[in-house]
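J.: Each residue of the sequence shown is one higher than the last, beginning at 361 in the numbering used here. Beta carbons: idealized from backbone N, C-alpha and C, even for Gly.
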Amino acid sequence: MIVPMRKIYLVARQPDRDRVLDVLRESGVVHLAPIDPRQAVPDEATSRNIDSIKAALHELSGIEPRGAKPDVSPSEAVREVIDIQRHAAEGRNHLAVLYHELDQIAVWGDLRLEHVEELQQAGIDVRFYKMPAGAIEQVQAECVAEVAELPGRNAMVAVADRLDALVVPDEAEPMRLPSRDAAMIRAEAKDLDRALHRDIKRLHQLAHLAPAMESERLRLELQAEETVAVRGAYADDSLFAIQGWLPEENYPLLDERLATRGLPVVLQQSEPADDEQPPTLIRPPAWARPIDGLFKILGTVPGYREFDVSAPFLIALPIFTAMLISDAGYGAVLLVGSLLAYPWAARNFGDRFTQLLMVVGAVSVIWGVMTNAFFGFALLPATLIPIELTAESRTLMMRLSFIIGAIHLSLAQLWQSVRFFPDLRWLNRLGWALFIWGMYGVVNMFVLQGPMNWQTPWPYLLSAGAALAVGFARPSGSLARRIGMGLAEFPLSVLSTFSDVISYVRLMAVGLASSVLAVSFNEMAFQARLLPITILVLLLGHGLNLGLTMIAMFAHGVRLNMLEFGSNLGMEWAGYPYRPFARRPPLL
């Protein structure tokens, strides 16, 4: 559920400001709302230092601590990491330039400029020309040598003459020596490479200080929060006042804490006004909490007056993903892999998202058993739901996908209907729920050549749903105005409903593609005569297919929940998270 919020106003004496802020931080239940948001900003230097620490920690992420721990402060370590990051980026860019320069002078081979200079000092003037290969015989000089072949049937020719009797053909073009030879460039690249390796070694040493940097970041963020709290409050010579939001259930706790400290304050609470947007605190059922991991990755928060979709998302997403994967073997990899690698996965992706992967894996195993697919092999004697390229299988899967879509979308409309009751808009939402099932009949007719006549329920559902949707779209005003507004909105909504229902065909299409790929990789692997190649093709092929299904989970499974289901539920995802002003435990 979305926890009910109360807006609070707290007024205290100016000398008690720090004590009041201490109580608020210890209570950890008040989400502060600045009176003047333009003033409620941290110091620029503090923000800059926090950003630098975050950049340094990002650079050190994945780097294992090695070697001796440097005897430097966290702030010095941050500066050093940032410097190394900048120097390394410059070094890598310069290396790319050097390699490009090597490519440009590749035609000169291992020519050493110092050797040419020595010849010149000895009175031998060596010149280089580009000319057609057939014109080399026309060169008259003491020494003529073809150095390299050039594009377009041309050649690079070196000539030397001490008698000033040099004769070259008219087609010959002088070639200037490069400013640096390959040996010079390689030497500079080698020095850069050594410097980059020294930087990497230093980063491994500085990684010992990552926890200390994290603690420093925490300290600075607390300092920034304190500054924002003070600057976001009202203050004069005698009074200090703040406003904010807290869960309704926590108001007695805050009142008790203030009374225990003996602080003379005025504390008032009020319901959120219609034009106010409180922060969103979601408290899903315990069994639905794994879906929080997905919401954190997506960064989406429902508005305060919207719905807690944790439960329907956790039910629908694993089912959709299982249909997209369509293989019990892949599901077992997700389930067992998440279990075995739980500490690592929880540390890198969060414990809730790791638990979500386990749920997805378990449901995928169940669906894979129903479809008799185990890494592309059919191991069971009978198949409950065949996923094949046959017309019967495709028709069955499309019909199942459309039915799931109609159930999913109509439940969203019915949920809104319950929320609106007894407002007459509940009839509008009920009408759209009926209309969705009528639209299922339309999709069934166009795509699957199913019946669509008055002997089927679809025309009645379309008619009743349309009447309710149009008649109660705007339940206030005159009858003519209500119907007029409903008719104006109806055509686009009909097209949207048709698109939403047919969008669920992706469950069949992607699931079928995944199954066909798994079978194809097996056939490719067992056509190889060498066992190592067979094993390699199986590992790479099924690994690629599993990776694609994970992408499909976000591209299709999440989309069907966020867009199709969410839009039918009226979700705008316009909320912001509840972040109380609170103490945080030290990391060290």
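(1) Confirm, please, whether the CB-CB distance from Ala646 to Ala671 is below 8 Å.
(2) Would you mind stating whether Tyr664 and Met365 have Cβ atoms separated by less than 8 Å?
(3) When we look at the beta-carbon of Asn813 and count the other beta-carbons within 10 Å, is it buried (16 or more) or exposed?
(4) Between the alpha carbons of Asp470 and Arg452, how many angstroms are there, rounded?
(5) Taking only the alpha-carbon atoms, compute the straight-line gap between Arg943 and Ser387 and give it to the nearest angstrom.
(6) Rounded C-beta distance between Val588 and Val401? I'm assuming under 8 Å.
(7) In three-state DSSP terms, what is Phe667?
(8) Could you tell me which uninterrupted alpha helix (DSSP H) segments, each at least 4 residues in length, are contained entirely in the segment 775–854, listed from first to last along the chain?
(9) Assuming contact is defined by CB atoms lying nearer than 8 Å, are Phe832 and Tyr800 in contact in what I supplied?
(10) Would DSSP call Arg366 helix, strand or coil?
(11) Could you check where the alpha helix (DSSP H) with Glu586 kicks off and where it finishes?
(12) Give me the residue from Val720, Met718, Trp468, Ile745 with the minimum Cα distance to Val729.
(13) Less than 8 Å between the C-beta atoms of Gln637 and Ile368, yes or no?
(14) Tell me which residues share the same chain as Val441 and place their Cβ nearer than 6 Å to its Cβ, disregarding the 5 neighbours each side in the sequence.
(15) State the Cα-Cα distance for the pair Glu924 and Phe881, rounded to the nearest angstrom.
(16) When burial is assigned at 16 or more other CB atoms within 10 Å of the CB, is Pro937 buried or exposed?
(17) Measure the CB-CB distance between Gly844 and Trp792 and report whether it falls below 8 Å.
(18) Taking DSSP as the reference, what is the three-state secondary structure of Pro946?
(19) Contact between the segment 684–693 and the segment 704–712 is defined here as three or more beta-carbon pairs at a separation below 8 Å; is this criterion met?
(20) Could you give the distance in angstroms between the alpha-carbon of Met757 and the alpha-carbon of Ala437?
(21) Given Glu965, which residues of its chain have a CB within under 6 Å of its CB, disregarding the five upstream and five downstream residues?
(22) Decide if Val696 is buried, meaning its Cβ has at least 16 other Cβ atoms within 10 Å, or exposed.
(23) Report the CB separation of Asn732 from Thr743 in whole angstroms; it is logged as a contact under 8 Å.
(24) Gly494 to Leu510, Cα distance in whole Å?
(25) Mark Trp818 as exposed unless 16 or more other C-beta atoms lie within 10 angstroms of its C-beta, in which case mark it buried.
(26) Assuming the contact rule is C-beta atoms closer than 8 Å, Arg377 and Phe673 should be a hit. Round their C-beta distance to whole Å, please.
(27) Buried or exposed, going by whether 16 or more other CB atoms sit within 10 Å of the CB of Gly736?
(28) When DSSP builds the beta bridges, which residues end up paired with Tyr594?
(29) At which residues does the beta strand (DSSP E) containing Lys490 begin and terminate?
(30) Strictly by DSSP, which residues pair up with Arg373?
(31) Using DSSP's beta-bridge definition, name the partner residues of Pro937.
(32) Does DSSP put Leu417 in a helix, in a strand, or in coil?
(33) Looking at the unbroken alpha helix (DSSP H) that takes in Met868, where does it start and where does it end?
(34) Buried or exposed, going by whether 16 or more other CB atoms sit within 10 Å of the CB of Ser874?
(35) Sorted by chain position, which residues of the same chain lie with C-beta nearer than 7 Å to Ile545's C-beta, five sequence neighbours on each side aside?
(36) So the alpha helix (DSSP H) Leu890 belongs to, where does it begin and stop?
T.: Working from what's here:
(1) No Cβ-Cβ contact shorter than 8 Å links Ala671 with Ala646.
(2) Cβ distance < 8 Å, so Tyr664 and Met365 count as in contact.
(3) exposed
(4) Taking the straight line from one Cα to the other gives about 24 Å.
(5) CA-CA distance, Arg943 to Ser387, rounds to 8 Å.
(6) 7 Å
(7) coil
(8) DSSP runs (the alpha helix (DSSP H)) wholly in the segment 775–854: 785–808, 818–831.
(9) no
(10) Secondary structure of Arg366 (DSSP, three-state): strand.
(11) 570–591
(12) Of the listed residues, the one whose Cα sits closest to Val729 is Ile745.
(13) no
(14) Ala416, Glu419, Leu566
(15) 33 Å
(16) exposed
(17) no
(18) With a pLDDT of 47 at Pro946, under the threshold of 50, the modelled position of that residue is not reliable, and the figure given next carries that caveat. Residue state, collapsed to three classes: coil.
(19) no
(20) 58 Å
(21) Given a span of 361 to 948 for the chain in the structure shown, any question on residue 965 remains unanswerable.
(22) exposed
(23) 4 Å
(24) 13 Å
(25) buried
(26) Actually they do not touch by this definition, with Cβ atoms about 43 Å apart.
(27) buried
(28) Ala601
(29) 486–492
(30) Leu599
(31) Thr640
(32) helix
(33) 865–887
(34) buried
(35) Closer than 7 Å at Cβ, skipping near neighbours: Leu458, Glu461, Leu462.
(36) Annotation: Leu890 is outside any alpha helix (DSSP H) and is labelled neither H nor E by DSSP.
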